[in-house]
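Structure first, commentary second.
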Amino acid sequence: MSIDVSKKLATGSVTRDGVAVHATDLCRCYGEGDTAVNALCDVSIDVPTGHLTAVMGPSGSGKSTLMHILAGLDKPTSGSVEIDGTEITTLDDTALTKLRRKHVGFIFQFFNLLPMLTARENIVLPLEIAGVKVDPDWFDEVVGKVHISKRLTHRPAQLSGGQQQRVAVARALISRPTVLFADEPTGNLDSKTGGEILELLHDSVETLGQTIVMVTHDARVATIADRVLFLGDGAIVKELPETTPEEIQKAIQEIGRR
Amino acid sequence: MLRIALRGLWSRKLRTSLTAFAVVLGISMVAGTYVLTDTINKSFNTLMASARADTSAVVSGKSLVKNGATSDQPTVPASLLARVSSLPGAASAYGVVETESARMIDAKGDPVGPAGPPALGFGRDPASIGRDGAFKIIDGRWAKGPGEVAIDVASAKKAHVSIGDTIRVEGSGPLQSFRIVGLLQWGSSNSLGGATMAVFDLPTAQRLFGLGGRLSEIDVIAKDGVSPARLVAQIKPLLPPNAKALTVDEQIKEDQSQWSSFAKIIRYALLTFAGIALFVGAFVIFNTLSITVAQRTREMATLRTIGASRRQILGGVLTEGLTIGALASVIGIGVGILLAAGLSALMGAIGIDVPRTATVYAPRTFVISIVTGVVVTLLASLGPALRATRVPPIAAVREGAVLARRRSSRLRQIASGLLLATSLAVLGVGLFGSFDQSSQRLLTIAAGCALFFIAVALLSAYFARPLARIVGAPGSTFGGTAGKLARENAMRVPARTASTAAALMIGLALVTFVSVLAQGFVRSIGVAIRKQASADYIVMANDGYSTYSNAVAGRLARVPGVEKAVALRTDTVIAFGKQISITGFDPKTASSVYKFDWQEGSNASLAKLGGDGAIVTDSFAHKHGLGIGSPLPVQMPDGRKLRLRVIAVNKQPELIELLGEVTVSEKAFDAVYRNPKTTLLTYLRTTGGESEAVAARLRSALAVFPSVQVLTEKKAIDTQSSGMNTLLAMFYVLLGLSVVVSVFGIVNTLALAVFERTRELGMLRAIGMTRRQARRMIRHESITISLIGAATGIPVGIFLAAMVTTALSRYDIVFSLPVSSLVAFTLATVVAGMLAAILPARRASRLNVLEALQYE
Ligand SMILES: Nc1ncnc2c1ncn2[C@@H]1O[C@H](COP(=O)(O)OP(=O)(O)OP(=O)(O)O)[C@@H](O)[C@H]1O
Ligand SMILES: [Mg+2]
Chain A
1 MSIDVSKKLA
11 TGSVTRDGVA
21 VHATDLCRCY
31 GEGDTAVNAL
41 CDVSIDVPTG
51 HLTAVMGPSG
61 SGKSTLMHIL
71 AGLDKPTSGS
81 VEIDGTEITT
91 LDDTALTKLR
101 RKHVGFIFQF
111 FNLLPMLTAR
121 ENIVLPLEIA
131 GVKVDPDWFD
141 EVVGKVHISK
151 RLTHRPAQLS
161 GGQQQRVAVA
171 RALISRPTVL
181 FADEPTGNLD
191 SKTGGEILEL
201 LHDSVETLGQ
211 TIVMVTHDAR
221 VATIADRVLF
231 LGDGAIVKEL
241 PETTPEEIQK
251 AIQEIGRR
Chain Y
259 MLRIALRGLW
269 SRKLRTSLTA
279 FAVVLGISMV
289 AGTYVLTDTI
299 NKSFNTLMAS
309 ARADTSAVVS
319 GKSLVKNGAT
329 SDQPTVPASL
339 LARVSSLPGA
349 ASAYGVVETE
359 SARMIDAKGD
369 PVGPAGPPAL
379 GFGRDPASIG
389 RDGAFKIIDG
399 RWAKGPGEVA
409 IDVASAKKAH
419 VSIGDTIRVE
429 GSGPLQSFRI
439 VGLLQWGSSN
449 SLGGATMAVF
459 DLPTAQRLFG
469 LGGRLSEIDV
479 IAKDGVSPAR
489 LVAQIKPLLP
499 PNAKALTVDE
509 QIKEDQSQWS
519 SFAKIIRYAL
529 LTFAGIALFV
539 GAFVIFNTLS
549 ITVAQRTREM
559 ATLRTIGASR
569 RQILGGVLTE
579 GLTIGALASV
589 IGIGVGILLA
599 AGLSALMGAI
609 GIDVPRTATV
619 YAPRTFVISI
629 VTGVVVTLLA
639 SLGPALRATR
649 VPPIAAVREG
659 AVLARRRSSR
669 LRQIASGLLL
679 ATSLAVLGVG
689 LFGSFDQSSQ
699 RLLTIAAGCA
709 LFFIAVALLS
719 AYFARPLARI
729 VGAPGSTFGG
739 TAGKLARENA
749 MRVPARTAST
759 AAALMIGLAL
769 VTFVSVLAQG
779 FVRSIGVAIR
789 KQASADYIVM
799 ANDGYSTYSN
809 AVAGRLARVP
819 GVEKAVALRT
829 DTVIAFGKQI
839 SITGFDPKTA
849 SSVYKFDWQE
859 GSNASLAKLG
869 GDGAIVTDSF
879 AHKHGLGIGS
889 PLPVQMPDGR
899 KLRLRVIAVN
909 KQPELIELLG
919 EVTVSEKAFD
929 AVYRNPKTTL
939 LTYLRTTGGE
949 SEAVAARLRS
959 ALAVFPSVQV
969 LTEKKAIDTQ
979 SSGMNTLLAM
989 FYVLLGLSVV
999 VSVFGIVNTL
1009 ALAVFERTRE
1019 LGMLRAIGMT
1029 RRQARRMIRH
1039 ESITISLIGA
1049 ATGIPVGIFL
1059 AAMVTTALSR
1069 YDIVFSLPVS
1079 SLVAFTLATV
1089 VAGMLAAILP
1099 ARRASRLNVL
1109 EALQYE
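What follows is the structure in structure tokens.
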């Protein structure tokens, strides 16, 4: 693991102060006037490098909203987000695109693989788009990690959901992003497969030093997350470092009751 | 990115090829037109060059009148021949008579050969005729002396005659009989575009075609060692003012240029229709790509989240456009080559067989076809591509995040409105503005129409929903649940329905436009003719526009029962530097049929016409400031100058004007125009009006003039309109191509809709919709879209026709709706809609319910 981190440090995609994403006073308001919804209120959060940060909370509590804003997919009504030391809320589309190529990875609930490309092509797509050459050793390492080497020539339609999500994880890892965002990556999978994907993400944090922010409803995340944030009505209502599923259940019920 | 785009296309093969097909037809027409005209051009050029193989120089008459608008063919005096032959540089020289009015008549009295191509007649010295490459005798010998003729093999076959038989030929006078002494062919070709050929000896031809003492040209062969240029230099001092001498190469160029300017007209006419088909095709491509881009919103957004820039997305969609364009062009060229072969076979079948040495595939054909195809598709894909760049990355995760853009939709409204205003302004300028050249006017009008169509297409998105409600009502009422759902489906994405219908709208608008205009013309022709003259019978050439023998009127005047026979001669003259039309009539009888509308002068003025008097039309007088007594200098086609004097000014309608800008007495006319075939119309007044007995006598008197027909006034007017109907039919066929393209557009939209609604269709089938109902649902949707096309296209066509009618109001063109045609168009649209639905409906009905429901 130490070797991998040093490799990352050499490429400069990890900030030295150990914070990959730094967000302050985020607010997101949908709509106007009477129908206005404050999906996010004064949320500040630091995502430490090499950590898996989990975000949990009841439906409609603003998890996805937070995630989209942190990843630069959506702009906050107010507040700021820095990724790798760069303020992203004021960037134009071109600069955001460049930032995404280098610093941001995504894993989606519905996989979002391109149906006409094979697994291999899907995995290297971000590099291809960025015009970066594929490092074969790194490719092998990533593919080995997600256990998909035998299915590389298959198309998404020929893969199971779990396999598709593995391909998606590999696609997110291939460009060694500063931070990887995952919004309910197991939401569309059965419990066992979902567990495998969680394990895979955990492994990439452990062995590759990947920074991950993940939204999930799966309490098992407790065993792998370095920290669990709880959102309720658009605000961070609780934070648990190194926790257990039982604690999480309790926290959820607690928040739900409010 | 490129690869993704190509892969995407490959994975949607059927959709891609359907999309491509939208431009294939247009491109095939472009390629086909070029291949066909190039081939015909090349063949004619080779023929023309080979025809003058041994000649060194050619002496011929000059005509100041362009475009063959005169019956006064350029000739040279026959006396010139002897002087040219005796030149030191000339080895020999021979005279040639050549005309395009030697119609052969077979034993049954029917004309030989089709009506369009010329009936060529030649006068040649039998001693010299075999020398050049033009004619080859196949059987028998050349004609020698009066009463003999050699005719082309093809005509002999058509007339079922051979050597020794008699054939009748109508020259510039009554029919004459000739004995066939030889069968010939032109060069190595056995066809000359359907033209017939009759070759006589020189004096016989001069007599037959009314060219006494004159020759069409003199072909000169140089002595060894004398260059054509030197020969021409020797000839020049001998030439009278209206003659010219050219080296053989110059002459061949001139022969070819006449033909090629004709070929150019055909080419541009066909290319215009190809352009319309491409314009419609662009709509279809735009629409199909818009739908596929919308369907791939999530895919595009995902690409954005993993680092694709807007430019890359743009590039991706444009690459698709480029590929579709290139693919379509290549297929289009292939189809075009087949089309050209098919067309020339078709022309052969109706007797206009094209001489084809070898099909010409000029590199230019391929370049233009491919460039056009690619550019049209690229332009059409620009809109969808730009829209794709606006897909926000967040659409990858959020279904509803797709472009809620109120401001830009208002912007679109404003832009469409502005475009509409602009298009109307351009149309207005094109129709009512003044232009130096009519080609500029046409281009302006075309641009205006194109913009107008685009504007209507954009705006139709706003009224597609109510329109669908209305035109979908019958289906919804009688089609059961399927019909109701179909109407809802058509209204679901109004913009999509509207732009699919827009493609059809264009074709229908143009069809409606020509049909309304044609009806207006037909009505106006009758009105205009009746307004100017009245008679019991009118005599005209079979084709309605050729001039015929001046002997006809005299012959008919002697038929018992005929009171008056008034002939109108017509030709071209140059006045004030412009070609104008000149008429000759007998001033003593003219007022008995022609209703003068004097602006200056009166019927009494007719007596003053004499040898140099002229009646001018009001508009001509106004333009050049003429009044009674004004001198009017004019120039004949051969350069002779005449000094006429205005004796009266007559008001005339500007459509189907029976008299030319200048009218002179028949005597004066005949004194200057040598051709004895200058009569355009002969008006007959009979005692007791129309009667079968008189008609029969008239017909028998005209038996020796088979190219001329006698008609009642009403029939004569109908004949004028029937020419319009032929033209109209041609327009319909050529515009039909655009309609076919737009039908493909409907197929595309529906196929994509079926694809998009797979789940929904599966659900409907699962809860009990039969296959039949599923098919009916798609079919009704298709018909609804088509009817929206009709409901916009027909009014747009009527509107455009009304604009043009207004612009042409000085021609008294009435605005009249061809109701039955419009009903027929609407019915045809319904049929088109049903045809378009076949494939998508089958897809929808064959859907596997289980798979459809599992489908993600
Ligand atoms: N585009 C939008 N327009 C208006 N309101 C929105 C929009 N997106 C989200 N919201 C609102 O913002 C709030 C937070 O939504 P968000 O999607 O972030 O919740 P979530 O925590 O991800 O819920 P879930 O667990 O169900 O995914 C909700 O009240 C939602 O209704
Ligand atoms: Mg969510």
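Line by line, the protein sequences give chains A and Y.
Under our numbering, the residue at position 114 of the first sequence is numbered 114, and the numbers go up by one with no gaps.
Going from the second sequence to our numbering is simple: count from 1 and add 258.
Beta carbons are placed, not taken as given, at the ideal position from N, Cα and C, and that holds for glycine.
Legend entry - CB-CB length for Y/Val288 against Y/Ser627, believed under 8 Å: Residue mapping note: residue 288 of chain Y aligns to position 30 of the second sequence, counting from 1. Residue mapping note: residue 627 of chain Y aligns to position 369 of the second sequence, counting from 1. Indeed, because the Cβ distance is near 5 Å, the residues count as touching under 8 Å.
Legend entry - Short CB-CB distance (under 8 Å) between A/Leu200 and chain Y: Indexing the first sequence from 1 puts residue 200 of chain A at position 200. In terms of beta-carbon proximity, A/Leu200 stays away from the interface with chain Y, with every pair separated by 8 Å or more.
Legend entry - Inter-residue spacing [alpha-carbon to alpha-carbon] between Y/Leu969 and Y/Tyr941: Your numbering for residue 969 of chain Y matches position 711 in the second sequence. Your numbering for residue 941 of chain Y matches position 683 in the second sequence. Take the alpha-carbon of Y/Leu969 and the one of Y/Tyr941: they are about 10 Å apart.
Legend entry - Exposure of Y/Tyr803, with buried meaning 16 or more beta-carbon neighbours within 10 Å: What you label residue 803 of chain Y is simply residue 545 of the second sequence in a count that begins at 1. Y/Tyr803 comes out exposed.
Inset, instruction - Show which residues of chain A have a CB atom less than 7 Å away from the CB atom of Y/Pro1117. - result: Residue coverage of chain Y in this structure runs from 259 to 1114, which leaves residue 1117 of chain Y outside it and unanswerable.
Legend entry - Neighbour-count burial assignment, Y/Glu578, 16 or more Cβ in a 10 Å radius: Locating residue 578 of chain Y in the second sequence gives position 320, counting from the first residue. Looking at its Cβ environment, which holds 16 or more other Cβ atoms inside 10 Å, Y/Glu578 is buried.
Legend entry - Where A/Val134 falls, given that 16 or more other Cβ within 10 Å makes a residue buried: Mapped onto the first sequence, residue 134 of chain A falls at position 134. Within a 10 Å sphere around the beta-carbon of A/Val134 sit fewer than 16 other beta-carbons, which makes this residue exposed.
Inset, instruction - Using the Cα positions of Y/Leu378 and Y/Trp268, report the straight-line distance between them to the nearest angstrom. - result: Translated into positions along the second sequence, residue 378 of chain Y becomes position 120. Translated into positions along the second sequence, residue 268 of chain Y becomes position 10. The alpha-carbon atoms of Y/Leu378 and Y/Trp268 are separated by roughly 57 Å.
Legend entry - Given A/Arg139 as reference, the closest of A/Ala39, A/Arg176, A/Phe230 once Cα atoms are compared: To locate residue 139 of chain A, count along the first sequence from 1; it is residue 139. This sequence places Phe at residue 139 of chain A; Arg is not what is there. Of the listed residues, the one whose Cα sits closest to A/Phe139 is A/Arg176.
Legend entry - Short-range partners of chain A found in the region 551-580 of chain Y, where Cβ spacing is below 9 Å: Those would be Arg556, Glu557, Ala559, Thr560, Leu561, Arg562, Thr563, Ile564, Gly565, Ala566, Ser567, Arg568, Arg569, Gln570, in chain order.
Inset, instruction - Using the DSSP secondary-structure output, state which residues sit across from Y/Asp410 in a beta bridge. - result: Residue 410 of chain Y sits at position 152 when you count from the first residue of the second sequence. Answer is Y/Leu442, bridged to Y/Asp410.
Inset, instruction - Ignore the nearest five residues each way along the sequence and tell me which others in Y/Ala761's own chain have a CB closer than 6 Å to its CB. - result: Mapped onto the second sequence, residue 761 of chain Y falls at position 503. Within the same chain, Cβ atoms closer than 6 Å to the Cβ of Y/Ala761 are found at Val538, Phe541, Val542, Ser1000, Gly1003, the five residues on either side in sequence being excluded.
Inset, instruction - Tell me where the alpha helix (DSSP H) around Y/Ile543 begins and ends. - result: Along the second sequence, one-based indexing puts residue 543 of chain Y at 285. Its alpha helix (DSSP H) spans residues 506-553.
Inset, instruction - Take the Cβ of A/Thr94 as the centre, count every other Cβ of all protein chains shown within 10 Å, and call the residue buried at 16 or more, exposed below. - result: As a working note, residue 94 of chain A is residue 94 in the first sequence. A/Thr94 is exposed by the Cβ-count criterion.
Inset, instruction - Locate the beta strand (DSSP E) running through A/His22, then write down its first and last residues. - result: The count along the first sequence starts at 1 and reaches residue 22 of chain A at position 22. Note, A/His22: beta strand (DSSP E), 19-30.
Legend entry - Distance cut-off 7 Å: Y/Thr555 Cβ against heavy atoms of ligand 1: On the second sequence, residue 555 of chain Y is found 297 positions in, with the first residue counted as 1. False, no ligand heavy atom lies under 7 Å from that Cβ.
Inset, instruction - Check whether the Cβ of Y/Arg663 lies closer than 8 Å to any Cβ atom in chain A. - result: The residue you call residue 663 of chain Y lines up with position 405 of the second sequence. Confidence at Y/Arg663 is low in this model, with a pLDDT of 49, below 50, so the placement of that residue should be treated as unreliable; the coordinate-derived value is given next. At a cut-off of 8 Å, the C-beta of Y/Arg663 has no neighbouring C-beta in chain A.
Legend entry - Min CB distance A/Ala130 to chain Y below 8 Å: Mapped onto the first sequence, residue 130 of chain A falls at position 130. Chain Y, which has a Cβ nearer than 8 Å to the Cβ of A/Ala130, makes this yes.
Inset, instruction - Please list the residues of the region 177-188 of chain A that have a C-beta atom closer than 8 Å to any C-beta atom in chain Y, keeping them in chain order. - result: With the criterion set as a beta carbon lying under 8 Å from some beta carbon of chain Y, the members of the region 177-188 of chain A are Asp183, in sequence order.
Inset, instruction - Kindly say whether Y/Val660, judged by its beta-carbon, lies nearer than 8 Å to any beta-carbon of chain A. - result: Within the second sequence, numbered from 1, the residue matching residue 660 of chain Y stands at position 402. With a pLDDT of 45 at Y/Val660, under the threshold of 50, the predicted position of this residue should be treated as unreliable, and no value is reported.
Inset, instruction - Can you say whether Y/Lys972 is buried or exposed, counting buried as having 16 or more other CB atoms within 10 angstroms of its CB? - result: On the second sequence, position 714 is the one that residue 972 of chain Y refers to. Burial call: exposed.
Legend entry - Own chain partners of Y/Ile363 with C-beta closer than 8 Å, once the 5 adjacent residues on each side are dropped: Walking along the second sequence from the start, residue 363 of chain Y turns up at place 105. The answer, listed in chain order, is Pro369, Val370, Ile425, Arg426, Val427, Glu428, Leu433, Pro964.
Inset, instruction - Find the nearest neighbour of Y/Pro911 within the set Y/Thr830, Y/Ile783, Y/Ser850, judged by alpha-carbon distance. - result: For the purposes of this step, residue 911 of chain Y is taken as the residue at position 653 of the second sequence. The candidate whose alpha carbon is nearest that of Y/Pro911 is Y/Ile783.
Inset, instruction - Classify A/Gln253 as buried or exposed, calling it buried when 16 or more other Cβ atoms lie within 10 Å of its own Cβ. - result: What you label residue 253 of chain A is simply residue 253 of the first sequence in a count that begins at 1. Burial state of A/Gln253 is exposed, judged by a 10 Å Cβ sphere holding fewer than 16 other Cβ atoms.
Legend entry - N-terminal and C-terminal residue of the beta strand (DSSP E) that Y/Gly1091 is part of: By 1-based counting over the second sequence, the position of residue 1091 of chain Y is 833. Per DSSP, Y/Gly1091 is not a residue of any beta strand (DSSP E); the alpha helix (DSSP H) it occupies stretches across 1077-1103.
Inset, instruction - Taking only heavy atoms of ligand 2 into account, decide whether any of them is closer than 7 Å to the Cβ of A/Asp183. - result: Locating residue 183 of chain A in the first sequence gives position 183, where the first residue counts as 1. Under cutoff, so the answer is yes.
Inset, instruction - Run the proximity test for A/Gly144: is its beta-carbon closer than 7 Å to any non-hydrogen atom belonging to ligand 1? - result: Looking up residue 144 of chain A in the first sequence gives position 144. With a cut-off of 7 Å, the C-beta of A/Gly144 is classified as distant from ligand 1, since no heavy atom of the ligand falls inside that distance.
Legend entry - Separation of Y/Met1027 from Y/Glu1018, as counted between CA atoms: For the purposes of this step, residue 1018 of chain Y is taken as the residue at position 760 of the second sequence. For the purposes of this step, residue 1027 of chain Y is taken as the residue at position 769 of the second sequence. Going by the C-alpha atoms only, they are around 11 Å apart.
Inset, instruction - Report the three-state DSSP secondary structure of Y/Leu938 (helix, strand or coil). - result: Position 680 of the second sequence holds residue 938 of chain Y. Three-state result, Y/Leu938: strand.
Inset, instruction - May I ask whether a heavy atom of ligand 2 can be found less than 7 Å away from the beta carbon of A/Val215? - result: In the first sequence, residue 215 of chain A corresponds to position 215, counting from 1. Indeed, a heavy atom of ligand 2 lies less than 7 Å from the Cβ.
Legend entry - Straight-line gap, Y/Ala392 to Y/Ser343 (C-alpha atoms, nearest Å): Residue numbering aside, residue 392 of chain Y sits at position 134 when the second sequence is read from its first letter. Residue numbering aside, residue 343 of chain Y sits at position 85 when the second sequence is read from its first letter. Spanning the two alpha carbons is a distance of roughly 21 Å.
Legend entry - Straight-line gap, Y/Pro1098 to Y/Ile1043 (C-alpha atoms, nearest Å): The sequence position of residue 1098 of chain Y within the second sequence is 840, counting from 1. The sequence position of residue 1043 of chain Y within the second sequence is 785, counting from 1. Cα to Cα, Y/Pro1098 sits roughly 14 Å from Y/Ile1043.
Legend entry - Three-pair Cβ contact test at 8 Å for the region 106-124 of chain A versus the region 556-565 of chain Y: Touching, per the Cβ criterion.
Legend entry - Buried or exposed by the 16-neighbour rule on C-beta atoms within 10 Å, applied to Y/Ser318: Against the second sequence, residue 318 of chain Y aligns to sequence position 60. It is buried - the Cβ of Y/Ser318 has at least 16 other Cβ atoms within 10 Å.
Inset, instruction - Assign Y/Ala862 to buried or exposed, taking buried as 16 or more other Cβ atoms, counted over all protein chains shown, within 10 Å of its Cβ. - result: For the purposes of this step, residue 862 of chain Y is taken as the residue at position 604 of the second sequence. In summary, Y/Ala862 is exposed, with fewer than 16 beta-carbon neighbours lying within 10 Å of its beta-carbon over all protein chains present.
Inset, instruction - Return yes when the C-beta of A/Lys63 is under 7 Å from any heavy atom of ligand 2, and no when it is not. - result: Taking the first sequence and counting its residues from 1, the one referred to as residue 63 of chain A is at position 63. Checking every heavy atom of ligand 2 against the Cβ of A/Lys63, one is found closer than 7 Å.
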